[in-house]
Each structure stands twice: as C-alpha cells, then as structure tokens.
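Q:
There are 2 protein chains.
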Amino acid sequence: MDAPVRLAKVRTVNDRLTHKLRSDALDNRERILEAARAVFAAEGLNVPMREIARRAGVGPATLYRRFPTKETLATEAFADQMRACEVIVTGGLDEPDPWRGFCHVIERICELHARDRGFTAAFMATFPGAIDFAASRGRTLEAISELARRAKAAGRLRADFVLDDLVLVLMANNGLQAASPAGRVAASRRFAALTIQALRAAPGATPLPPPARLLPGRPLSPTA
Amino acid sequence: MDAPVRLAKVRTVNDRLTHKLRSDALDNRERILEAARAVFAAEGLNVPMREIARRAGVGPATLYRRFPTKETLATEAFADQMRACEVIVTGGLDEPDPWRGFCHVIERICELHARDRGFTAAFMATFPGAIDFAASRGRTLEAISELARRAKAAGRLRADFVLDDLVLVLMANNGLQAASPAGRVAASRRFAALTIQALRAAPGATPLPPPARLLPGRPLSPTA
DNA sequence: AGCTAAACGGACGGGGGCGTCCACTAGTGT
DNA sequence: ACACTAGTGGACGCCCCCGTCCGTTTAGCT
Chain A
1 MDAPVRLAKV RTVNDRLTHK LRSDALDNRE RILEAARAVF AAEGLNVPMR EIARRAGVGP
61 ATLYRRFPTK ETLATEAFAD QMRACEVIVT GGLDEPDPWR GFCHVIERIC ELHARDRGFT
121 AAFMATFPGA IDFAASRGRT LEAISELARR AKAAGRLRAD FVLDDLVLVL MANNGLQAAS
181 PAGRVAASRR FAALTIQALR AAPGATPLPP PARLLPGRPL SPTA
Chain B
1 MDAPVRLAKV RTVNDRLTHK LRSDALDNRE RILEAARAVF AAEGLNVPMR EIARRAGVGP
61 ATLYRRFPTK ETLATEAFAD QMRACEVIVT GGLDEPDPWR GFCHVIERIC ELHARDRGFT
121 AAFMATFPGA IDFAASRGRT LEAISELARR AKAAGRLRAD FVLDDLVLVL MANNGLQAAS
181 PAGRVAASRR FAALTIQALR AAPGATPLPP PARLLPGRPL SPTA
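In order, the protein sequence lines correspond to chains A and B.
Residue numbering for the first sequence follows the UniProt record's numbering, starting at 1 and increasing by one per position.
Residue numbering for the second sequence follows the UniProt record's numbering, starting at 1 and increasing by one per position.
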C-alpha cells in the first residue's frame, strides 16, 4: 500500500507551494479554494472564474495569480474528493465479500459524484497539467478493476463487465439532473441500485453488446 | 388512435405558416432547419444561433425572423424525431409480447437519443411555447406507461418500475459522451442492454430505493 | 516605528454571442 | 416590363467573460 507515501508527497508539494506565501495570501488562497469547491459542486465547472473570485471576496487578479487556469483550480479544489474516491475503493477491497464491496463502491461513488456536479467533469477531463490527479484516478480505477476481478471470480459480477463500463456508469450518473441537490442524490441512488441489478451475474441474463471505449488513451486495463 | 388526426393538424399549421411565404423565403427556411438539425445533432442545443445561420448561408436576421427563439427552432427541427419517438412506442405496443416491445422501445429510443445530441435536451426541456411538442411527449410517455403496465402484468418488468425511471434512463443515456458519434451510439447500445437487465423482473432482485421526480410538473402518470 | 517587497484589486482592451434596425435585393402579380 | 412589397444580410449596440497591467495597500522583519 503506497497511499501514505503519495499523500506525504502531496503534502510536501503543498507545503512547497504555500510555505513561502504571506499569511494573507495563504488565507485568500484557502478562501478561493473554498469558494471554488462550493460553486463547482453546485454549478459544475462551467462557472466564470470571476464568479469564484467574487464569492471568495477577492479580485480576479488574485485568483489568476494563484491558479493560472481553471484546471489548476479544479484539481486543487477536488483533491479531497479524489482522495475520498480512493478511500471508497480501498474500503471496498477490504470487505470480505468482493461483490458486496463492489456494490458499496458503486453506491458510494455514484453518490459522491452526484453531490459534486463538477467533480465528474474533472474526473473525466484528463487535462494535461494534472499529473497527480490523473495518477490518483488511475490508481482508483486499477483498484476497482481488481475488485471487479474478485467479484467475477466469486461468480457474482457478470463476466462481461469491463472497466469501461464503470466509466459509462459514471458518465450516465453525471447526466442525471434535478431541481435540487437532494433530488440529484435521490436519482443517483436509484440509478446506482439499477446499475447493480444490471451488473449482477444472474441466471437469465443475456449477453451485452460490445463494450464502448469512452475515455481517450490506452485501454485502461486488460481486465476487469 | 388519434395520431393521424394530430398529424393532420400539424400539417395544417405548417401550411398556414409556410403557404404565405415567398418561394425564396421558404427555401431559406428549409435550409435553416436542415442546418439546425445537423448542428443540433452533432453539437447539442448549446450552439450559437449565428453558427446555424452561417451553415445555412443566411444572415442572422433571417434566422431570427423565421425562428424568434432557439426553442421555436429546436421544436421545429426535432419534429421528425418526436414523431419517430411516437412511432417507436406504438410499434412497441403492437408487439404481441409486451416485454419484448418494452425492450425494443428502450433500445430504439436510446439509440435515437444517442444519435441526436440536442434531442434529449429538447425532449426534457419542456419550454413554454411548445404545445405540440409537449403534447407529443405526453402521448409518448403515456404510451410507454401503458406498455410498462402490460409488461408488468406479464411478470417480466419489475413491479417497482416507475415512469420517472424512463426519464432517468434518458437523462443517463444523455450523459454518455464519446469522441465520435459512432462511439456514442455504441456506448448507448451497451447502456440500453444494461438498463434492460436492470429492469427485468428477476428472482434474486433486490427492491429499489424510492423513485426520484426528475421532470418538473405534475407526476407524469399514476402508474407504470 | 519604519522600510521593503509581496500581495492586492480595480480597470483596461479584446473577443464573442445576442437581438434588432435599415438600406438594398429580388420574387410576384399585373 | 414594371411597380410593389416581402425578404435579405451587413452592421450596430449591448452585455458578459477573459486574462493582464499597474498604482495602492499591507504583512513581515529589523
């Protein structure tokens, strides 16, 4: 388990970034991140940078000084969720029954994504300068892949499940929209339950049409 | 079956709208609609009106004269798809086995929506001035509701299916994005298959969490 | 308390979409 | 052939977002 190492590394980078900042600058930086988290969660990534600056009580220049692009801001703002993702899947791996673990992962990840409108977009985005982010996503997906392997071996997950199906599920979950955040979560919950029913290895189940490649880049993993 | 009546009525309205137009104006109108269909299908509804005008080879003023708002343009541009939807569901109702009919409806409607990026948005939108559009949607949903009732009665569709679940499925399907249109269709196909697995009345199936109201307005129908 | 450099935010120019106006063009009916 | 009017599209003003510059403020250190 190398997660602690990675986390420590992130900490270091963070310190290197923030340690030389003046106290007020550091304070502003935090308020910007807080505002960004809130507005990204509520509205998604397509909000004007200025809106975030406004909510943070900061001028646009300050925002751009700290976060030159929206991507840098988004990756920082979603670091928590990214870590939460990893926690969820490692939790799933720790469960004795891999199928139950898989189900819990689906449920909890769908809910996480439903609460944060912008997170799914960031998660999928794979923009260039976000090495840590992409790495974390890769680790998360690999872990889910392993979990899926076990669930298949236990005969509970359908054999033709592919890791791309998880991406498909996340995209589909992201498509759910409702008037209120609560409504979105409710929809997502039902959607996750349906998804689990769909992925369950069941006697009368018919085979699926060929899987679809949804994320650009190499095939995420041979398996799952 | 009152569909023919409705269609005739639409024809009349159409004639009333177009009969007084000069020939060149009518030609432009058609080219605008064609351009709108193409660009809406490819890019969704969030394209500048000017882009459509450009592709149609007309000035912005001409576009705005024929279609004052994007909604009017969208409803006209998607009239075909709307009718296709009705055809699909009536086809489903005509099949002897309601469950097979239901499956076919899911598959074909998902594919239809996958081919047209903007159609789902228009279908959900329920914007004010589109009476015909909303009516057609209502009929489509009612028909699906009836089909669902029969499929449940046949013991093939899970009993806790609700019409709102169809909306949920369409929204989720709409969330699927891929590099190419072909990729989107492929993803949608697999998604539809998964959906059918999820909705199948199966022995080991667990009950679903409470349904979510996704479209504003009155509950679409007591049943389904 | 005073100095200095870091940090701030208002203001600016650029770009793009929006919806409308108006002088010109071209079908249409005699 | 001609007049007449429906039809056209370039151009305008408006607003919003973007990213940057620069004069002013303020934290940190002596």
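For every residue, glycine included, the Cβ atom is placed at its ideal position computed from N, Cα and C.
(1) Of all Cβ atoms in chain B, is any one closer than 8 Å to the Cβ of G101 of chain A?
(2) Going along the region 193-204 of chain A in order, which residues come within less than 9 Å of chain B, judged by CB to CB distance?
(3) Considering only the alpha carbon of each residue, which of B:T195, B:P96, B:G57, B:V169 lies closest to F123 of chain B?
(4) Given a limit of 7 Å on CB to CB distance, which residues of the region 147-172 of chain A reach chain B?
(5) Since V58 of chain A and R31 of chain A are thought to touch, with beta carbons under 8 Å apart, how far apart are those beta carbons, to the nearest angstrom?
(6) Using a Cβ-Cβ cut-off of 8 Å, state whether G183 of chain B counts as contacting chain A.
(7) Looking only at DSSP bridge pairs, what is G194 of chain B linked to?
(8) I believe Q197 of chain B touches Q197 of chain A by the beta-carbon criterion, under 8 Å. Please report the beta-carbon distance rounded to the nearest angstrom.
(9) Report the option in B:A77, B:D24, B:P48 whose CA atom is closest to the CA atom of residue 225 of chain B.
(10) Going by DSSP, name the residue or residues bridged to R156 of chain B.
(11) Establish whether the CB of A125 of chain A and some CB of chain B are separated by less than 8 Å.
(12) Work out the CA separation of I52 of chain A and D27 of chain A for me, nearest whole Å.
(13) G175 of chain A versus chain B: which residues are under 8 Å apart at the beta carbon?
(14) At the 8 Å Cβ level, is R218 of chain B part of the contact set with chain A, yes or no?
(15) If we count Cβ pairs, one from each stretch, closer than 8 Å, do we get three or more for the region 148-160 of chain A versus the region 97-105 of chain A?
(16) Go ahead and label K20 of chain A buried or exposed: buried means 16 or more other beta carbons lie within 10 angstroms of its beta carbon, across all protein chains shown.
(17) Compare the C-beta of A191 of chain B with all C-beta atoms of chain A and state if any pair is closer than 8 Å.
(18) Excluding the 5 residues flanking A84 of chain B on each side, which residues of the same chain have their C-beta closer than 7 Å to its C-beta?
(19) Determine the DSSP secondary structure at A205 of chain A, reduced to helix, strand or coil.
(20) Would you call the region 179-188 of chain A and the region 134-152 of chain A touching, i.e. three or more CB-CB distances under 8 Å?
(21) Taking 7 Å as the limit between beta carbons, can you name the residues of its chain near P211 of chain B, skipping five residues before and five after?
(22) Which ranges does the alpha helix (DSSP H) cover as unbroken runs of at least 4 residues, wholly within the region 65-113 of chain B, from first to last along the chain?
(23) Please confirm whether P96 of chain B has its beta-carbon closer than 8 Å to some beta-carbon of chain A.
(24) Which first and last residues belong to the alpha helix (DSSP H) in which S180 of chain B is found?
(25) Shorter than 8 Å from the beta carbon of L33 of chain A to some beta carbon of chain B?
(26) Suppose the cutoff is 7 Å on Cβ atoms and the five residues either side in sequence are ignored; what does the same chain contact list for A42 of chain A look like?
(27) In three-state terms, what does DSSP make of R200 of chain A?
(28) Comparing C-alpha positions only, which one of A:P128, A:L194, A:R189 sits nearest to T75 of chain A?
(29) Three-state secondary structure (DSSP) at R22 of chain B?
(30) Taking the alpha-carbon of D132 of chain A as reference, which of A:V167, A:T72, A:L93 has the nearest alpha-carbon?
(31) List the whole-angstrom C-beta distance separating T126 of chain B from L215 of chain B, where the pair is believed to meet the contact cut-off of C-beta under 8 Å.
(32) Which of the three DSSP states is assigned to D116 of chain A in this structure?
(33) Under the assumption that residue 246 of chain A contacts G92 of chain A (Cβ atoms under 8 Å), give the Cβ distance between them as a whole number of angstroms.
(34) Check P60 of chain A in the structure and name its three-state DSSP category.
(35) Below 9 Å on C-beta distance, what does L93 of chain A contact in chain B?
A: In short, the structure shows the following:
(1) For G101 of chain A, the closest Cβ of chain B is not nearer than 8 Å.
(2) A193, L194, T195, I196, Q197, A198, L199, R200, A202, P203, G204
(3) B:V169
(4) Of all residues in the region 147-172 of chain A, only L168, M171, A172 place a beta-carbon less than 7 Å from a beta-carbon of chain B.
(5) 7 Å
(6) yes
(7) Rather than Gly, the amino acid found at residue 194 of chain B in this sequence is Leu. The partner list for L194 of chain B (beta bridge, DSSP) is empty, contrary to what the question assumes.
(8) 7 Å
(9) The displayed coordinates of chain B run from 1 to 224. Any statement about residue 225 of chain B would go beyond what the structure contains.
(10) DSSP output for R156 of chain B lists no bridge partner at all.
(11) no
(12) 15 Å
(13) M171, A172, N173, N174, G175, L176
(14) Any answer about R218 of chain B is weak, because its pLDDT of 45 lies below 50 and its placement is not dependable; what the coordinates show is given next. Output row for R218 of chain B: interface = no.
(15) yes
(16) exposed
(17) The sequence given here places Phe at residue 191 of chain B; Ala does not occur at that position. Taking Cβ atoms only, chain A reaches closer than 8 Å to F191 of chain B, which makes this a yes.
(18) Answer for A84 of chain B: L112, listed in chain order.
(19) coil
(20) no
(21) V162, D164, D165
(22) Counting only runs of at least 4 residues, the region 65-113 of chain B fully encloses the following alpha helix (DSSP H) elements, listed from N- to C-terminal order: 70-77, 79-94.
(23) no
(24) No alpha helix (DSSP H) holds S180 of chain B; DSSP gives it neither H nor E.
(25) no
(26) R117
(27) strand
(28) A:P128
(29) coil
(30) A:T72
(31) 7 Å
(32) coil
(33) With chain A represented from 1 up to 224, any question about residue 246 of chain A goes unanswered, as that position is not in the structure.
(34) helix
(35) Under the 9 Å cutoff, chain B gives no residues; its nearest Cβ is about 22 Å from L93 of chain A.
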